[in-house]
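Below is one structure, written out as C-alpha cells; comments come after it.
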Amino acid sequence: MKKLFVLFYALMCLVTLQAQKVTLQDVANGTYRAQSIQGLKPMLDGEHYTQISKDHKRIVKYSFKTGKEVATIFDVATARNHKLKNFDDYIMSPDESLILIQTETKPIYRRSFTAVYYIYNVRNRTLEPLSNNGPQQVPLFSPDSHQIAFVRNNNIYLIKLLFGNSESQVTKDGEYNKVLNGIPDWVYEEEFSYNRAFDFSADSKMIAYVRFDESQVPMYSFPWYKGMAPEKTEYTTYPGSYDYKYPKAGVVNSKVSVHSFDIKSRVTRKMELPVDSDGYVPRIKFTDDPEKLAIMTLNRHQNRFDLYMANPRSAICKVAIRDEAEQYIKEQAYSDIAFYPEHIVMMSERDGYNHLYLYTIGGNLVKQITKGEFEVKDFLGWDQKANVFYYTSNEGSPLRTAVYKIDGKGKKTKLSTRTGTNSALFSKNLNYYINTYSSAQTPTLITLNNNKGQEMVTLLDNKELKSKTAQLNMPTKEFFSFKTSEGVELNGWMMKPANFNPSKKYPVIMHQYSGPGSQQVLDKWGIGSFSDGGMFEAVMCDKGYIMVCVDGRGTGGRGAAFEKCTYLSIGVKEATDQAEAAKYLSTLPYVDGSRIGIWGWSYGGYNTLMSMSEGSGAFKAGVAIAAPTDWRFYDSVYTERFMRTPKENGDGYQASSAISRASKLKGKLLLIHGSADDNVHLQNFMEYSEALVQANIQFDTQIYTNRNHSIFGGNTRNHLMNRVANFFLQNL
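Here the working numbering is used: the first residue of the sequence shown is 1, the next is one more, and so on.
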C-alpha cells in the first residue's frame with residue numbers, strides 16, 4: 001500500500017507539473033504578461049501625481065512621498081451632465097482646473113487616432129463635449145488653460161472656453177490625401193515618432209503649425225476584405241481598397257511649411273524657413289519666449305540637423321544650433337530636446353556616443369554635460385537652482401541602464417540601486433521619481449524614490465506573476481558573448497530547457513531583430529520574441545529547443561561606430577553576424593549544429609532572409625514575418641537615413657536586397673504577412689515569393705486577412721504562434 005501511495009503521489013505531481021506548462025494560447029492571451037501602471041502623470045505642485053484606475057473609471061491623485069491615494073479627481077460615477085461607462089486616457093490643463101477625458105478611441109496608424117473628448121471641470125464636476133461636430137485628434141490646451149486646439153479632417157480648430165466654448169476653424173485647406181495641417185503625414189508619423197504638429201505660444205496668443213502638402217506623393221493601395229474579428233460587412237461581396245500617400249525611397253516627399261496663426265487678428269503667416277526644398281521638419285515647439293518658435297529641420301540625407309528660432313510675427317528664422325554627422329543624426333537629437341527660459345538641453349553623438357549638451361537659448365554651447373564610452377538613453381530633467389541634471393544611461397554595460405544625476409562640477413551619482421533596466425519619471429520639482437525596474441529574472445518593479453535614490457515605497461511588484469511563474473517549468477536565462485571570425489565581440493542571451501542535460505545535443509532557434517540602433521539583448525523582463533519575459537521561448541524550450549538571440553553589428557547601445565558601420569549596405573553585416581552566431585553555437589558541446597533555425601519580424605524577418613542566403617548554409621529552417629524584402633519598396637525617411645536614395649547608392653541597394661539573393665536561399669522557409677500591412681506592404685512578400693518561384697525554390701506561406709504590421713485580432717496571434725512553432729517542430 002505504501003508503494004502504491006508513493007506511485008500515486010508521483011503520478012499526481014507529474015500531472016500537476018504538466019498542467020502548469022506555458023501554452024501558446026497563454027502567450028497569445030498575455031496570461032503571464034507583467035503588470036504596469038497606466039496613465040501616470042506628475043502634478044504641478046511636485047508633491048503629487050495622477051493615475052488611471054485599473055477599471056478605467058477614475059483618475060486618482062497620489063502622494064509622491066507615500067504612494068498613498070489622496071483623492072479622486074475624476075470619477076465616471078459622479079461626473080455630471082454626461083454618463084460614461086469608462087474612458088481611455090486623459091489630458092490635464094496646465095492649471096489643472098480642467099481635464100480632457102478621452103473616449104471612443106479609434107486607431108489610424110501606429111501613433112495616430114481619433115477620439116471623442118469631453119471637458120471635465122474639476123471644481124463643479126461637470127462634463128461637456130469638446131465638440132459636437134465629429135471626433136477629434138491631438139487636442140492641446142493653451143498655456144493659460146483658456147483654449148483648446150485640435151485637428152479634425154486635416155484642419156486645425158480652436159475652442160475658446162471663456163466664450164461659451166465657441167468653435168472656430170483655423171485652417172481650411174486640409175483634405176485627405178492632399179493637405180494635412182497640424183498632424184504629420186504617414187511617413188513623418190511612422191519614422192519621426194509623433195502625432196501632433198502644432199503648438200501654442202507661451203502667451204497663448206498664437207498657434208504655430210506644420211502644413212504637409214502630400215498631393216504629389218504617389219498613392220499606395222491595398223485591398224480590404226470582409227474578414228472576421230472585426231468583420232467589414234461592406235466588403236461582403238466585393239473587396240474594397242485603402243488608398244493613402246506613401247513615399248518610397250528616392251520618391252518625392254510631402255512639401256512642408258511652417259505657419260503661425262494670430263488668434264486675435266486671425267492672420268496666418270508662413271515662416272521664412274531656409275530649409276532645403278526636400279528637407280524635413282520633424283518637430284516644432286514654442287519656447288518660454290512667445291517671440292521664439294523653435295523649428296527643427298533635417299536635410300534629406302538626415303546628416304545635418306538645424307535648430308531655427310523663428311519669430312512668429314515677423315516670420316524671420318535664424319539658425320541657433322547646427323549638428324552634423326558623417327552618416328545620420330539620430331532621432332533623440334530632436335525628440336528629446338528640452339527648452340528652459342535661458343537654455344536648451346539636447347543630445348548629440350558628435351564625440352562617438354550619445355551625450356547631453358547645454359546651450360544658451362541663443363544657441364551658444366555652454367558645455368558638454370556627460371562624457372564617456374556609454375550612451376545617455378533619456379534626459380529626465382534639470383534642477384536649475386541646484387544645477388543638477390538627471391538622466392539614464394548604460395554606463396558599465398550596453399545591456400543595462402541606470403538612473404544618474406550629475407552636478408555643475410561634473411560629480412556623478414548613480415541613483416538606481418538594482419542591476420538591470422531602470423527608467424524614471426520625475427516629479428515637477430525633481431524631488432521625487434518613480435523608478436520602473438526589471439531584469440531578465442525579475443518582472444516589472446515600480447518604486448517611489450527621492451532624488452537621492454532612496455526607495456520610499458513599492459508601488460507595484462508583480463508578486464502574482466512571480467508566484468505564477470515560480471510554478472512553471474521555466475527555462476534558465478543566460479547572457480553570453482563571443483568573438484566572430486572578424487574579431488567583433490557580440491552579445492547574446494540563451495534560454496535552455498528547465499531539464500537541460502549538457503550531455504545531450506539540442507536544436508537551436510535564433511530570434512533577432514537586428515535593425516539599426518535596436519537592442520534585443522538587454523537585461524530586462526521584456527527579453528524574448530514577444531517582450532513578455534520569454535514565454536514563447538518557454539514553450540519552445542519545453543519542446544526541446546535552446547532559444548537564442550544575438551545583437552549583431554548595427555544594433556544600439558555600443559556607440560556610433562558600432563551602430564553606423566552598416567551605413568549604405570544594411571543587412572549585409574547583420575546577416576554575416578547571425579551566421580557567425582550559428583557557427584559559434586555549433587561549437588558548443590550541447591548544440592546540434594545541423595539543426596539551427598532563425599526567425600524574426602519586420603527587420604528581423606528581412607534579416608532572416610538575408611541570413612539564410614548569405615552563403616554559409618548555417619540555417620536549416622527560418623520564418624520571416626512582415627519582412628521588407630527590397631529597400632526600394634520601403635519608405636523614404638527610414639530607408640534613406642541608412643541607405644541614401646537608390647539613385648545615389650544603387651550598388652548598396654542591390655547588395656541589401658533579399659530579392660537579389662533569393663536564389664541563394666538555403667533551408668526550409670515560411671513567409672508570413674498581413675494583407676493590410678500599411679507599413680511593410682504585401683508587395684514585399686509577393687515580389688520575394690515570385691523570385692523564389694523563378695529560382696525553383698519551394699517554400700511555405702501564410703497570409704493573414706486584413707491584418708496590419710502587428711498581425712493581431714481575434715484568434716490571429718494564437719494562430720500565428722502555432723504556425724511558427726509547428727514549422728520549427730516539423731523542420732528542426
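Even for Gly, the Cβ is constructed at its ideal location relative to N, Cα and C.
- Counting every other CB atom within 10 Å of its CB across the protein chains shown gives Ala627 a total of 16 or more, marking it as buried.
- Distances from the CA of Arg211 to each of Leu490, Trp224, Arg283 and Leu732 were compared; the closest alpha carbon is that of Arg283.
- Ranked by Cα distance from Met219, the options Phe633, Ala77, Lys664 and Asn696 are led by Phe633.
- For the pair Leu162 and Asp144, the Cα-to-Cα distance works out to about 11 Å.
- In the displayed model, Glu104 falls within a strand according to three-state DSSP.
- Put simply, the backbone Cα of Met43 is about 50 Å away from that of Ala658.
- The count of Cβ pairs closer than 8 Å, one atom from the stretch 714-723 and one from the stretch 583-590, stays below three, leaving the stretches out of contact.
- Here Glu478 is bridged, per DSSP, to Met494.
- In the pairwise beta carbon analysis, the stretch 139-156 is classified as touching the stretch 179-188: at least three pairs are separated by under 8 Å.
- With respect to the 9 Å criterion, Thr447 and Thr458 are classified as neighbours on the basis of their beta carbons.
- Closest option to Glu455, judged by alpha-carbon separation, among Glu349, Asn435, Gly559 and Thr401: Asn435.
- The DSSP assignment places complete beta strand (DSSP E) segments of no fewer than 3 residues inside the stretch 265-301 at 268-270, 280-286 and 293-298, in order along the chain.
- DSSP places Ala149 within a strand segment (E or B) once states are collapsed to three.
- Bounds of the alpha helix (DSSP H) holding Gly605 are Tyr603 to Met612.
- Across the set Lys583, Phe192 and Gly597, the C-alpha of Gly597 shows the shortest separation from the C-alpha of Met540.
- As far as DSSP is concerned, Ser193 takes part in no beta bridge.
- The beta carbon of Gln368 sits closer than 7 Å to the beta carbons of His355 and Tyr357 from its chain, once the five residues preceding and following it are set aside; these are given in chain order.
- Linking Tyr584 to Thr484 through their CA atoms gives a straight-line distance of about 8 Å.
- Assignment of Asn422 by DSSP, reduced to helix, strand and coil, places it in the strand class.
- In chain order, Lys496, Tyr506 and Val508 place their CB closer than 6 Å to the CB of Ile546, counting only its own chain and leaving out the 5 sequence neighbours on each side.
- Comparing alpha-carbon positions, the option among Val122, Asn132, Ile159 and Ala581 lying closest to Pro139 turns out to be Ile159.
- Check the Cα spacing between Asn462 and each of Phe480, Lys477, Gly453 and Gln441: the tightest is with Gln441.
- One thing to note: Thr50 has its Cβ no nearer than 9 Å to the Cβ of Ile37.
- In the DSSP assignment, Asp89 forms a beta bridge with Gln102.
- Between the stretch 130-137 and the stretch 87-95, the count of C-beta pairs closer than 8 Å stays below three; the two stretches do not touch.
- When the alpha-carbon of Val258 is set against those of Val275, Ala424 and Ser423, the nearest one is in Val275.
- Going by DSSP, Gln519 is part of no alpha helix (DSSP H) at all; its letter is neither H nor E.
- Here Pro139 is not bridged, per DSSP, to any residue.
- Selection Ser215, Asp383 and Leu415 evaluated against Ala402 yields Leu415 as nearest (Cα-Cα).
- The distance from the Cβ of Gly533 to that of Ala34 is about 7 Å, consistent with a contact at the 8 Å cut-off.
- Within a 10 Å sphere around the beta-carbon of Ser277 sit fewer than 16 other beta-carbons, which makes this residue exposed.
- Assigned with DSSP and collapsed to three states, Ala402 falls in strand.
- Annotation for Arg196: Val138 place their beta carbon closer than 6 Å to its own, counting only its chain and skipping 5 residues before and after.
- Pairwise C-beta distances place the stretch 648-655 out of contact with the stretch 607-622, as fewer than three of them are shorter than 8 Å.
- Asp213 and Asn303 have their alpha carbons spaced roughly 23 Å apart.
- Taking the Cα positions, Asp55 is about 50 Å away from Gln698.
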